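Residue numbers for the sequence shown follow the working numbering, beginning at 792 and rising by one.
Glycine included, every Cβ here is placed at the ideal spot set by N, Cα and C.
Source: prediction; values computed, not measured.
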Amino acid sequence: MGAQRLYAGFAALLLSAGGLGDCMGARRVFMLGFALFTLASAGCGLAPSLTALIFARIAQGMGAAMLVPNSLSMLQQAFPDPAQRSRAVGWWGAAGGIALAAGPVLGGMLVSHAGWRSIFLINLPIGLLGLYLSWRHTEPRRPNPAGPQRGLDLPGQAAGCLALAALTYALSAAGGLGWAHPRVHGSLLLSLASAAAFIAIESRSAAPMLPLTLFRLPSFALASVCGAIINFAYYGLIFVFSLFFQLEQHLSPQQTGLAFLPMTVVLMAVNILVGRLSGRLRARALMLFGMSWAALGYALLWPVSLEGGYGWLIAPMLIASSGIATMVPTLTNLTLSAVSPAQTGIASGVLNTSRQVGGMLGVAVCGFLVRDTEPAVFMQGMHRAIGTAVILLLAGFALCCIGMPSHDRAMDERRQPS
């Protein structure tokens, strides 16, 4: 329940937060997001009721959404040189990997020894430190020149937020209520209607939050699609294997978190390595390698069985995670290189929104496939989930073969007016 509220606030505001950063200045929106996240964490930790906790979790997700796209805009501003920016993006991705690894393990320890409120209150010193470091070590800059021309676009922001919030709710609720539940159907219809309204508003607006002409840039459009594919595969199978370890292998939540630790270490290391190599290797080569390597890793997990031990799963998981980690900084650099500096906020918002939606779809679809916990049926569903991820990654490989531009062409795209 709490995670659903966090994801709802996070997904709903990701797109708008990027546009706000372009209009108001990335640093300002980033620091506002840090402040909101910190205050909302305090609200979660001190919540006197479930209702208060739900609203605080939504606010926490909104604060987090203000951080992600604007952190990339700040990197773009701080590192105009493409080679330096690639290295910075690699470290940016590695930092996310550290959080992904530490969160479940530290969270489990805190809950065991200090109660559930501690997992929220621990964010207070972290948030205050983040605010101080942001104020001390980043330079205030004026909003991008294109910001005032686009404006806040309140109707577009409202329609976009509603579409994403409704979609997030539908995908999150489908696991518990079932896809046939009227609430799930209603939320999906609301999301579709809001998305149609958003497209209509943006296409007619003189100052749209999201210029739809961005999707005419092959690099930008392909990065958004590939981002959804890799997150579908990664988070969908992380969810499936979490259930496998806990329900079928009888590991505790903490042991399950530790089981994924080797993958997370590889994610961090490869993010940093690819950040250093991005200036030497073409994005197309990195993406083709990443898609094929991740597909191979997941395909090697196909023979998984109830009798097999954890040890033989490690190598395929490391192969898959290294493929995924190759693509994440590559997609980020590709997106930032395809647009003008004045559009990095909204471009980052689109990329991260597509990745978030892909991850939610992966969890929803793969979770549906393993909904029956009877061992034999669960394993059949698990194999279908693995097969779905492999097929999607191979489709992504084909897309990159057909439509992936060279580095020089991506830079030419950025120079085109949009």
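Identify which residue in I1137, A1180, F1051 has its Cα closest to the Cα of L1087. A1180
From what residue to what residue does the alpha helix (DSSP H) around P1221 run? Past the boundaries of the shown model lies residue 1221; the chain is included only from 792 to 1209, so the question cannot be answered.
In the structure shown, what three-state DSSP assignment does F1036 receive? helix
Give me, in chain order, the residues of the same chain whose beta-carbon lies closer than 7 Å to that of S982; leave out the 5 immediate sequence neighbours on both sides. Excluding sequence neighbours, S982 sits near A954, A957, L958, A961.
Completely contained alpha helix (DSSP H) runs for the stretch 867 to 954, where each covers 4 or more residues: Restricting attention to alpha helix (DSSP H) runs no shorter than 4 residues, the stretch 867 to 954 encloses them at 873 to 905, 909 to 912, 914 to 928, 938 to 941, ordered along the chain.
Got a sec? Which residues, its chain only, sit under 6 Å from L901 by beta carbon, not counting five neighbours each side? Answer for L901: S909, I910, listed in chain order.
Can you name, in chain order, every residue of its own chain whose Cβ lies under 6 Å from the Cβ of S978, other than the five neighbours on each side? Excluding positions up to five away in sequence, the list reads A957, Y960, A961.
E993 by DSSP, collapsed to three states: which one? helix
Considering only C-alpha positions, which residue in the set I1021, G967, G1140 is nearest to D1163? G967
Per-residue DSSP class, three states only, for L1008: coil
If you drop the 5 nearest sequence neighbours on each side, which residues of the same chain put their C-beta closer than 7 Å to that of A1090? V1181
Would R876 pass as a contact of N1062 if the rule is Cβ separation under 8 Å? Not closer than 8 Å, so no.
For C1192, is the classification buried or exposed, using 16 other Cβ atoms within 10 angstroms of its Cβ as the cut-off for buried? exposed
Applying the 10 Å Cβ sphere with the 16-neighbour rule, what's the burial state of L920? With fewer than 16 other Cβ atoms within 10 Å, it is exposed.
A831 by DSSP, collapsed to three states: which one? helix
Between I1115 and L1183, how many whole angstroms is the CB-CB distance? I'm expecting something under 8 Å. So it is not a contact: roughly 12 Å between Cβ atoms.
Secondary structure of L1190, DSSP reduced to three states: helix
What ranges does the beta strand (DSSP E) occupy inside the stretch 1105 to 1136, keeping only unbroken runs of at least 3 residues that lie completely in it? none
For L1001, does the three-state DSSP call read helix, strand or coil? Correct three-state label for L1001: coil.
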